[in-house]
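Participant: Converting from the sequence shown to our numbering requires adding 90 to each position, the first position being numbered 1.
All residues carry an ideal CB built from backbone N, CA and C; glycine is no exception.
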Amino acid sequence: MNGAEVVTHSVKQNFVYKDPLSFDSYKDVFGFEYLLGQGNRIQITITIPSVFVDHMYELAAVDQRKLMHLNGINRMDVPITFIKTHYQGLLSSHLKDFLLKFCIFDFMYDQLHKHKICLSIWPVVVAFDIEPSQDAKCLFEAFYVETMQLKEWKLFPFKMPKRKNYKDLDRQAENFIEHETEHTKTSPELTVDYLDWVFFKVTVVTDISYFNIVPLEAYFWLRMDDAEINTELRDLFLYKKIGDTFTTQTAELQTFFSQKHLSNYLFSITILDIDSYAQVCFNNFKHFFKIKTQKDLHKKLVEVFSFRNDISQRRSIVDEALAVLTHRHQVTAPAWLVEEQKKKVLASVKKNHDYNVYKRQADFEQRIEELAHKQIKDSIIVDQIAHDEKMDVTLQDLKSYLNLTKRARLRNFFCFELPTTEVDGQQMPISLQSLKQLCLREKTVNYIIYYLTKK
91 MNGAEVVTHS
101 VKQNFVYKDP
111 LSFDSYKDVF
121 GFEYLLGQGN
131 RIQITITIPS
141 VFVDHMYELA
151 AVDQRKLMHL
161 NGINRMDVPI
171 TFIKTHYQGL
181 LSSHLKDFLL
191 KFCIFDFMYD
201 QLHKHKICLS
211 IWPVVVAFDI
221 EPSQDAKCLF
231 EAFYVETMQL
241 KEWKLFPFKM
251 PKRKNYKDLD
261 RQAENFIEHE
271 TEHTKTSPEL
281 TVDYLDWVFF
291 KVTVVTDISY
301 FNIVPLEAYF
311 WLRMDDAEIN
321 TELRDLFLYK
331 KIGDTFTTQT
341 AELQTFFSQK
351 HLSNYLFSIT
361 ILDIDSYAQV
371 CFNNFKHFFK
381 IKTQKDLHKK
391 LVEVFSFRND
401 ISQRRSIVDE
411 ALAVLTHRHQ
421 VTAPAWLVEE
431 QKKKVLASVK
441 KNHDYNVYKR
451 QADFEQRIEE
461 LAHKQIKDSI
471 IVDQIAHDEK
481 MDVTLQDLKS
491 YLNLTKRARL
501 RNFFCFELPT
511 TEVDGQQMPI
521 SLQSLKQLCL
531 REKTVNYIIY
541 YLTKK
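This is how it looks when you write it as structure tokens:
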């Protein structure tokens, strides 16, 4: 690309909250703009208006006062103006940390999706200037993938890899359906239990009037831990039901949003949905793969029971379908991006018990590079189709996606990485927008296969 192209989008007005999946909470408050430069470099700027900044300083200062320890002085007698003046550096550093984790990253990814911008790597914060009575600017840098002109890919010839014809595979699929259906019949009233997925809203409780207009709220999913060691965060949710609302100041949630600084915000949590681990929902399964009948359900499940040379039929279908698309569109994987992906592939292979055996193979390095190339090309073509087809993710899509994480066998349906939910061995929330990105890719893969195999 010659020169640089500047594209801006910034609207400031009050809003009416509607759908959490559309991330309306900040779209009419924050500004969004991006600059496409040479070498596929992109700069993204999120602007936070001064009125929002000032109210955040007020909120942080009130919170900081609760944490102060002063000899001979009642901390509640300390004026907020004193704290905002003398602790400005501390408050600024905390607000950067908190706002990034609470809402800026999700707002940015929501806007990138709406502007059909595919990023090749996670954006890096290069500058974040935030001071009282001024618009705050958060600048990110990343690399984007240039759009390509897609051909009539839905008409490409595609030969479906065949399953093995062992009758035992049919029995395995039938037993799986029967076992999970039995769980469905006997499941009790839906409350949060171990290993469930919980969808919830977090709101910062404050009496500052501005935040009644622009609520400080964010949306997350959390997978319940089944470890023997009790965790405060998990115990907040256990045995509660959809619609339950409660407040908390748990240290685990404070640290999740602000690792660098102490905080003591009062959070209100509302449980919006529960995806039970106890049962595989076959209605969601059918929705995700666009199938209707029990016969098609059985046929789809056989794909992850039928293996040839240690590769499932499902994996073969995905690989060959994406190979048809990447070959016919001559997708190019940038060398620097392949190098980055090689590190991820190698880190993943090292977790395999047979890593030392693989490493001794003469072509080990070559295979790692080939896999990195393939993964980059696959992600480029899938992201492109998702944007061209104007695909989006619904709540049912998310639940259908998470439905596949419940059983080891079903995880073979995934093409891309699974969500990372553990931090230092503990289950932590994953933001709604992060999960939507992962779900969108898998949904697009299913969309591709549906049309390539459609008769």
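1. Spell out the partners DSSP gives Gln133 in its beta bridges.
2. Quick check on Glu342: does DSSP put it in helix, strand or coil?
3. Can you grab the Cα-Cα spacing for the pair Leu189 / Gln486, in whole Å?
4. Would you decide whether Met250 is buried or exposed? Buried here means 16 or more other CB atoms lie within 10 Å of its CB.
5. Assign Phe218 to buried or exposed, taking buried as 16 or more other Cβ atoms, counted over all protein chains shown, within 10 Å of its Cβ.
6. Candidates Phe195, Ala226, Gln201: which alpha carbon is nearest Val141's?
7. Could you say which of Thr345, Ala151, Leu240, Val216 lies nearest to Met518 if we only look at CA atoms?
8. On the three-state DSSP scale, how would you describe Phe246?
9. What number of angstroms, rounded off, separates the C-alpha of Leu530 from the C-alpha of Met158?
10. Taking DSSP's pairing of strands, which residues face Ser299 in a bridge?
11. Looking at Asp225 and the ligand NAP, is the gap between the Cβ and the nearest heavy atom below 8 Å?
12. Closest by CA to Glu242, which one among Val152, Ile475, Arg261?
13. Could you tell me the boundaries of the beta strand (DSSP E) in which Tyr491 lies?
14. Apply the 10 Å Cβ neighbour rule to Gln201 and answer buried if 16 or more other Cβ atoms are within range, or exposed otherwise.
15. Look up Lys464 in the DSSP assignment and say whether it is helix, strand or coil.
16. Alpha carbon to alpha carbon, how far is Leu149 from Val513?
17. Could you check how far apart the C-beta atoms of Asp365 and Asn493 are, in whole angstroms? I think they sit under 8 Å.
18. I'd like the ranges of any beta strand (DSSP E) spanning at least 3 consecutive residues and lying wholly in the stretch 343-418.
19. Label Leu542 either buried or exposed according to how many other C-beta atoms from any shown protein chain fall within 10 Å of its C-beta, with 16 as the threshold for buried.
20. For Thr422, which residues from the same chain have a beta carbon less than 6 Å from its beta carbon, with the 5 sequence-adjacent residues on both sides left out?
21. If you follow the alpha helix (DSSP H) that Asp315 is in, where does it begin and where does it stop?
22. In chain order, what residues of the same chain lie with their CB nearer than 6 Å to the CB of Leu500, ignoring the 5 residues before and after it?
Facilitator: Reading off the structure:
1. Leu125, Glu231
2. helix
3. When rounded, the distance between both Cα atoms is 28 Å.
4. exposed
5. buried
6. The candidate whose alpha carbon is nearest that of Val141 is Ala226.
7. Thr345
8. coil
9. 45 Å
10. Ser299 is not bridged to any residue.
11. Of ligands this structure carries none, so the ligand NAP is not represented either.
12. Ile475
13. Unbroken run through Tyr491 is the alpha helix (DSSP H), 485-493; no beta strand (DSSP E).
14. Within a 10 Å sphere around the beta-carbon of Gln201 sit 16 or more other beta-carbons, which makes this residue buried.
15. helix
16. One C-alpha to the other measures close to 28 Å.
17. 7 Å
18. For the beta strand (DSSP E) assignment, the uninterrupted runs of no fewer than 3 residues enclosed by the stretch 343-418 are, from N- to C-terminal side, 357-365.
19. Only buried fits Leu542, as 16 or more other CB atoms lie within 10 angstroms of its CB.
20. The answer is none, since no qualifying residue turns up.
21. Note, Asp315: premise wrong, no alpha helix (DSSP H); not H, not E.
22. Leu494
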